[in-house]
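> Quick one: the structure is below, questions incoming.
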């Protein structure tokens with residue numbers, strides 16, 4: 013109830029300088045105050061000031077006040093920048109190397125278009141880091157990259173972690189459009205799997221060949237080194253598995269690798285809509301899960317069925333979960349709404365917050381830099397008009413590496429919209 | 121003459137009245153007299169030239185321009201004169217012009233008329249520009265897009281272009297009629313139309329995909345074009361014949377009316393008798409038919425042919441984009457028979473091959489002096505930037521246009537004109553092409569193209585001679601309003 | 008007056024067995040500087056002196072040219088004379104292919120180029136292959152190949168990607184290129200050692216970024232080519248040390264693209280225009296310059312882009328592109344300022360010999 017008054021005062025105090033501030037280089041040093049600061053480390057601080065310098069969080073001062081200088085920001089609530097491990101900001105088919113079905117050496121960092129509006133849209137919706145993966149038309153599509161959604165015009169400069177995951181898919185998507193070798197024999201689609209079984213065979217062959225290449229160099233193939241890293245658990249595997257049968261295939265493959273002593277892979281199942289059906293399987297095999305966006309009618313990708321309590325079921329069993337939005341589309345399906353929907357299915361607030369911040373960061377090993385509000389971490393902050401994930405709340409401010417992407421100050425916001 | 125529709129409607133109305141008057145037994149004469157009174161004379165049919173919309177009332181700013189040098193028109197230069205602009209018109213040009221109170225004064229080294237791009241697609245919505253299936257009656261006036269980027273409009277004005285003839289369907293065999301609009305940053309194009317249907321445009325050999333067609337198709341294209349004009353001519357003849365028949369018929373009606381008036385009592389008696397007889401016998405009564413009840417049949421209205429008729433009669437010019445010598449020759453041969461046709465060629469890459477014929481028949485050529493390459497996929501592969509200069513030297517009337525390929529093309533027309541000068545076109549001829557020459561070709565010579573009393577106030581104020589590389593345009597005045605100032609540069 | 012001076016000049020040229028002395032109202036030196044009433048002394052196809060006064064050899068008469076003289080224009084990217092055979096479609100990578108071997112000295116486009124004052128062109132394989140081959144620098148008259156191997160031509164644009172031949176994706180293309188560079192065969196070794204610059208074709212801004220990041224990772228020198236909006240990434244390009252070759256403007260181009268040139272110039276990125284004949288005519292170089300000038304580009308910057316910087320980008324900056332002692336005597340006689348489109352080009356000299364420009 014205090015906010016409207018404060019916002020008015022803020023608007024008044026800032027309006028005389030707003031014109032001037034636009035001309036000079038925008039500062040990256042901020043004092044950000046919120047009535048509620050959700051750190052994602054299991055702690056909520058009532059009224060705290062977060063100081064930002066040179067793109068990093070340098071201090072968290074409970075009870076502090078931001079003052080009303082040109083570099084101070086206020087909001088009702090603050091969280092860490094959200095992370096989407098299945099943002100699907102790819103270039104569509106341009107992120108699919110069609111020449112082979114196994115591309116562990118292809119870096120999706122080289123198939124990114126930073127000038128796509130999707131990036132800005134994601135950033136302004138509060139998603140500050142995404143895992144960019146190839147579109148899943150190959151069995152092994154390539155190496156995903158964790159990238160900030162705003163910043164310098166350089167993929168390298170925005171990269172949080174290069175080669176963050178080895179990405180692939182199990183299911184119908186990799187075999188879609190492929191066909192037996194009739195017609196033109198040079199057609200690259202005739203050399204690729206046409207069934208789920210074929211897709212699984214490609215996976216197993218890639219893994220066994222890579223494992224064999226440890227001793228027999230002749231079994232090596234382009235990218236087998238990356239598959240070896242994945243077998244050793246040094247490079248996280250991220251596999252799209254929508255339905256139960258695909259989840260089983262992936263889990264059985266992981267267990268087979270371990271049983272055969274070929275390695276100990278770390279596995280993320282992406283888009284595992286039917287993970288709620290056999291959750292014990294996931295507990296047993298210690299896999300991590302990225303859930304697809306909640307479907308309105310239940311049915312989602314590849315005909316799979318996703319229950320409202322999917323996130324809750326997995327969370328209750330201790331399976332690490334992250335939520336995703338599959339692209340920053342309309343406001344009602346963006347990542348903050350996914351958290352809201354998971355809560356509607358029974359997920360507690362703290363778990364929902366973790367599932368869009370620290371949990372995905374841990375899954376791909378970038379929690380040292382992002383995922384929570386802590387001193388020394390990147391200043392990726394989201395400011396909210398009220399309690400996060402509530403339908404009545406919205407994202408009003410976003411900082412990425414200390415740079416203001418969405419200005420919470422009313423006068424500035426309208427000026428930057430022009 | 122092309123206005124057949126109202127005439128036909130009126131004749132039907134009259135026929136009804138004649139029969140009805142008799143059947144009701146009313147005074148025929150009064151009925152006929154009434155009919156005559158509200159019958160518009162066919163000669164008063166809408167004249168397209170008169171139908172041109174006046175520009176919206178401009179802002180009431182009075183402007184006085186003090187010119188160091190005034191280029192009245194090509195070849196006529198006055199030093200130290202002033203131009204008074206009131207209500208969008210040039211009202212005074214002279215040494216001593218006293219500015220009325222509150223008039224805005226602008227000083228400039230050189231003042232000249234605004235440039236005209238006679239070959240542009242500015243302001244036409246992009247779908248219509250690429251339309252491939254137009255017919256002659258398709259009107260660019262219906263395809264104007266006022267939501268065009270205002271910055272582009274300013275860019276074009278800043279370059280000194282104040283008026284464009286804009287055209288839809290530029291790559292279609294038949295593009296439809298073009299429209300002349302004045303550019304004004306605030307007025308919608310609809311309000312600045314100077315001529316609704318300024319010309320009919322067609323192309324020969326030009327294809328949207330950049331591929332020319334085979335020789336036989338090229339020749340049949342020319343024949344098709346000539347055939348269309350023949351149709352237009354026939355349509356015009358039919359219209360004239362119909363008008364004659366209509367006049368004859370009117371005369372007959374008048375005679376009959378007189379006859380009826382004279383024998384009115386007898387005719388009424390006869391009719392009543394017949395009516396009674398038929399009642400008695402239980403027969404159906406038939407009104408007496410007069411052969412004069414049948415009016416001459418109006419030719420079927422065909423909007424396409426109506427436009428072609430205007431072209432065949434020379435009311436509006438026919439602009440044909442054509443490049444290759446073979447088609448140029450065929451076109452000239454096929455159109456020789458149409459004595460009233462006013463042909464304008466556009467592009468005309470190989471025009472030097474037919475230059476004497478162009479001179480003899482006073483056919484102007486709109487050249488697009490653009491640095492095209494020798495790409496054989498284009499019709500212009502043999503284009504030489506010297507074309508404009510060569511044609512001018514041969515005595516052909518040369519106009520310059522921006523080629524109607526991109527809406528921002530008009531912005532660069534002055535640069536292209538300079539390029540043509542650099543390749544041999546006389547500077548004054550280039551200036552004339554962009555001003556009075558283009559105005560005359562578009563039948564707007566009385567309103568645009570020179571700085572003379574009574575003309576529309578479309579002017580440029582420059583710091584040096586027009587069409588010289590170092591010159592900057594300081595002010596642009598369009599329709600009497602200052603639309604570009606030095607701050608806009 | 009002009010015509011008289013010219014005829015004298017034309018008549019004098021052959022009589023002096025290649026030795027010429029000519030004085031013009033203004034010499035545009037090609038690097039942005041001018042010299043009023045400067046004298047050019049030409050002997051054996053080279054400039055022997057470019058100065059405001061010179062001791063003339065015995066028997067050489069000083070010819071007066073009323074107007075300006077500039078170096079010949081340099082087109083920094085061209086497929087002129089390759090006759091539509093600028094790519095080998097069967098192989099996405101063919102580093103050893105030399106554009107010099109596709110050079111047809113009698114091609115019509117070369118005559119057209121010479122006629123418009125373009126004296127040097129960089130022949131490049133087309134952008135339809137990931138590695139098209141190597142560029143060559145040639146003169147537009149006389150058939151001289153100035154430099155047989157100037158760049159390795161790469162293409163990271165979508166036009167190099169085909170669905171029927173791998174690589175089909177930008178990332179596949181980069182992976183394939185990285186593998187080639189890692190293999191360190193002769194051509195790539197030259198590139199990595201800095202002996203052979205690259206010319207990377209890129210159009211969209213993300214393609215430009217990808218090219219820059221690829222070049223930076225592999226420490227490559229050279230240019231980005233195509234790139235209409237390169238100016239919007241001027242700071243990044245400046246940091247990479249790469250230069251930019253732009254397609255010419257032909258009238259009606261978007262103002263955003265013209266402004267992009269200004270941004271490049273403002274950031275201090277060397278740039279030049281290519282002609283990409285045969286789709287654009289050689290006069291597009293001057294038209295591009297005029298459009299940039301109109302937009303407010305610094306005059307010196309555009310002169311450098313047409314002459315000295317263009318030559319440097321082609322790798323022949325020490326031989327052509329300037330009126331400078333020891334350089335090839337490629338120069339143009341103008342009725343006035345060469346950047347004023349209404350000035351007339353009155354004579355074209357390549358290697359000290361007048362080029363017949365009477366017929367296209």
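Residue numbers (the working numbering), protein chains in the order written: chain Z, 13 to 430; chain R, 121 to 609; chain V, 8 to 367. Glycine residues also receive a C-beta, built at the ideal position from the N, C-alpha and C atoms. Just so it is clear, the structure is predicted and the values come from calculations on it, not from any experiment.
1. So which residues of chain V does residue 541/R contact, with C-beta pairs closer than 9 Å?
2. Buried or exposed for residue 283/R, going by 16 or more other Cβ atoms inside 10 Å?
3. To be precise: take each residue of the region 468-497 of chain R, compare its Cβ to all Cβ atoms of chain V, and keep it if any distance is under 7 Å. Which residues remain?
4. Among 190/V, 354/V, 240/V and 86/V, whose alpha-carbon lies nearest the alpha-carbon of residue 139/V?
5. Looking at C-alpha atoms only, which residue of 95/V, 256/V and 162/V is the closest neighbour of residue 231/V?
6. Contact between the region 559-572 of chain R and the region 521-533 of chain R: three or more CB pairs below 8 Å?
7. Report the partner residues of residue 396/Z according to the DSSP bridge assignment.
8. Is there contact here, the region 202-221 of chain V with the region 237-252 of chain V, by at least three beta-carbon pairs under 8 Å?
9. Is it the case that the Cβ atoms of residue 518/R and residue 479/R are separated by a distance below 7 Å?
10. Skipping 5 residues on each side, what residues in its chain have a beta carbon closer than 6 Å to that of residue 75/Z?
11. Return the chain-ordered ranges of every beta strand (DSSP E) run that is complete within the region 248-329 of chain Z and spans a minimum of 3 residues.
12. Using the C-alpha atoms, what's the distance from residue 86/Z back to residue 416/Z?
13. The beta strand (DSSP E) spanning residue 146/V covers which residue range?
14. Report the CB separation of residue 31/V from residue 61/V in whole angstroms; it is logged as a contact under 8 Å.
15. Quick check on this structure: which residue in 339/R, 437/R and 333/R has the alpha carbon closest to the alpha carbon of residue 450/R?
16. Give the residues from the region 556-588 of chain R that approach chain V closer than 9 Å (Cβ to any Cβ), ordered along the chain.
17. In chain Z, which residues lie less than 7 Å from residue 240/V when you measure between Cβ atoms?
18. Listing by chain order, which chain V residues have their CB less than 8 Å from the CB of residue 109/Z?
19. Throw me the rounded Cβ distance for the residue 266/Z and residue 299/Z pair, which I believe falls under 8 Å.
20. Would you say residue 119/Z faces chain V, with C-beta separation under 7 Å as the test?
21. Just to confirm my understanding: we take residue 547/R, look at its own chain, exclude 5 residues before and 5 after, and list those with CB closer than 7 Å. What are they?
22. Once the 5 residues before and after residue 341/R are set aside, which same chain residues still bring their CB inside 8 Å of it?
23. Would you report the Cα separation of residue 577/R and residue 267/R, rounded to the nearest angstrom?
24. Does the count of Cβ pairs from the region 401-414 of chain Z and the region 352-366 of chain Z closer than 8 Å reach three?
25. What would DSSP say about residue 490/R, mapped onto helix, strand or coil?
26. I want to verify the contact list: residues of chain Z whose CB lies under 7 Å from the CB of residue 243/V, in sequence order.
27. May I have the straight-line CA-CA distance separating residue 523/R from residue 536/R, to the nearest angstrom?
28. Rounded to the nearest angstrom, what separates residue 154/V and residue 107/V at their Cα positions?
29. For residue 54/V and residue 128/Z, what's the separation of their Cα atoms in angstroms?
30. Show which residues of chain V have a CB atom less than 9 Å away from the CB atom of residue 522/R.
31. In angstroms, rounded to a whole number, what distance separates the CA positions of residue 494/R and residue 114/V?
32. Under 7 Å Cβ-Cβ, which residues of chain V neighbour residue 126/Z?
33. For residue 276/Z, does the count of other Cβ atoms within 10 angstroms reach 16, so buried, or fall short, so exposed?
34. Quick one: residues in its chain with C-beta nearer than 6 Å to the C-beta of residue 437/R, no 5 flanking neighbours on either side, listed in chain order?
35. Answer with yes or no whether the minimum CB distance from residue 106/Z to chain V is below 7 Å.
36. Would you tell me roughly how many angstroms separate the C-alpha atoms of residue 235/Z and residue 109/Z, rounded to the nearest one?
In short:
1. As a position in the second chain, residue 541/R is number 421, starting the count at 1. Under a criterion of Cβ atoms nearer than 9 Å, the residues of chain V adjacent to residue 541/R are, in order, 348, 349, 350 and 351.
2. Translated into the one-based positions of the second chain, residue 283/R becomes position 163. Buried, because 16 or more other Cβ atoms sit within 10 Å of the Cβ of residue 283/R.
3. Here the close residues are 490, 491, 492, 493, 494 and 495.
4. In the third chain, counting from the first residue as 1, residue 139/V sits at position 132. Considering only alpha carbons, the answer is 86/V.
5. Locating residue 231/V in the third chain gives position 224, where the first residue counts as 1. The residue with the shortest Cα to Cα distance from residue 231/V is 162/V.
6. At 8 Å Cβ cutoff, the stretches do not touch.
7. For this step, residue 396/Z is matched to residue 384 along the first chain. Among the bridge pairs identified by DSSP, residue 396/Z is matched with 89/Z and 407/Z.
8. Taking 8 Å as the limit for Cβ pairs, the verdict is that the region 237-252 of chain V does touch the region 202-221 of chain V.
9. Counting from one through the second chain, the residue named residue 518/R turns up at place 398. Counting from one through the second chain, the residue named residue 479/R turns up at place 359. No.
10. Numbered from 1 along the first chain, position 63 holds the residue referred to as residue 75/Z. Here residue 75/Z has 59 as same chain residues with Cβ atoms under 6 Å from its own Cβ, once five neighbours each way along the sequence are excluded.
11. Annotation note: the region 248-329 of chain Z contains the following uninterrupted beta strand (DSSP E) runs of length 3 or greater, listed N- to C-terminal: 248-252, 279-282 and 300-303.
12. Here the question's residue 416/Z lines up with position 404 in the first chain. Here the question's residue 86/Z lines up with position 74 in the first chain. Residue 86/Z has its alpha-carbon roughly 13 Å from the corresponding atom of residue 416/Z.
13. Counted from its first residue, the third chain places residue 146/V at position 139. Per DSSP, residue 146/V is one residue of the beta strand (DSSP E) stretching across 143-146.
14. Translated into positions along the third chain, residue 31/V becomes position 24. Translated into positions along the third chain, residue 61/V becomes position 54. With a Cβ gap of about 13 Å, residue 31/V and residue 61/V do not count as contacting.
15. Taking the first residue of the second chain as 1, we reach residue 450/R at position 330. Ranking the options by Cα distance to residue 450/R, first place goes to 339/R.
16. Within the region 556-588 of chain R, contact with chain V at the beta-carbon level (separation under 9 Å) is assigned to 587 and 588.
17. In the third chain, counting from the first residue as 1, residue 240/V sits at position 233. What residue 240/V touches in chain Z: 165.
18. Here residue 109/Z is taken as the residue at index 97 of the first chain, counted from 1. For residue 109/Z, the chain V residues whose C-beta falls within less than 8 Å of its own C-beta are 173, 174, 175, 176, 178, 179 and 182, listed in chain order.
19. For the purposes of this step, residue 266/Z is taken as the residue at position 254 of the first chain. For the purposes of this step, residue 299/Z is taken as the residue at position 287 of the first chain. About 7 Å; that satisfies the 8 Å criterion.
20. Counting from 1 along the first chain, the entry for residue 119/Z is found at position 107. For residue 119/Z, the answer is yes, since a Cβ of chain V falls inside 7 Å of its Cβ.
21. By one-based count along the second chain, residue 547/R stands at place 427. Within the same chain, residue 547/R has close Cβ partners 541 and 587.
22. On the second chain, residue 341/R is found 221 positions in, with the first residue counted as 1. In its chain, beyond the 5 residues on either side, 293, 324, 325, 333 and 447 have a beta carbon closer than 8 Å to the beta carbon of residue 341/R.
23. Residue 577/R sits at position 457 when you count from the first residue of the second chain. Residue 267/R sits at position 147 when you count from the first residue of the second chain. Going by the C-alpha atoms only, they are around 25 Å apart.
24. Contact holds: three or more Cβ-Cβ distances are below 8 Å.
25. Position 370 of the second chain holds residue 490/R. Correct three-state label for residue 490/R: coil.
26. Here residue 243/V refers to the residue found at position 236 of the third chain. What residue 243/V touches in chain Z: 165 and 166.
27. For the purposes of this step, residue 523/R is taken as residue 403 along the second chain, with counting starting at 1. For the purposes of this step, residue 536/R is taken as residue 416 along the second chain, with counting starting at 1. Those two C-alpha atoms are separated by around 10 Å.
28. Here residue 154/V corresponds to residue number 147 of the third chain, with the count starting at 1. Here residue 107/V corresponds to residue number 100 of the third chain, with the count starting at 1. Near 9 Å, if we compare the C-alpha coordinates of residue 107/V and residue 154/V.
29. Position 47 of the third chain, counting from 1, holds the residue named residue 54/V. Position 116 of the first chain, counting from 1, holds the residue named residue 128/Z. Their Cα atoms are separated by approximately 52 Å.
30. Position 402 of the second chain holds residue 522/R. Those are 258 and 259, listed as they occur along chain V.
31. Residue numbering aside, residue 494/R sits at position 374 when the second chain is read from its first letter. Residue numbering aside, residue 114/V sits at position 107 when the third chain is read from its first letter. Using only the alpha carbons, I get a separation of about 11 Å.
32. For the purposes of this step, residue 126/Z is identified with residue 114 of the first chain, where counting begins at 1. Result: 213 and 216.
33. Position 264 of the first chain, counting from 1, holds the residue named residue 276/Z. Classification for residue 276/Z: exposed.
34. Taking the first residue of the second chain as 1, we reach residue 437/R at position 317. Sequence-distant partners of residue 437/R (beyond 5 residues in either direction) whose C-beta falls short of 6 Å from its own C-beta, in its chain, are 319, 462 and 464.
35. Residue 106/Z sits at position 94 when you count from the first residue of the first chain. Chain V contact via Cβ: present.
36. As a first step, residue 235/Z is located in the first chain; it is residue number 223 there, counting from the start. As a first step, residue 109/Z is located in the first chain; it is residue number 97 there, counting from the start. Rounded to the nearest angstrom, the two C-alpha atoms are 13 Å apart.
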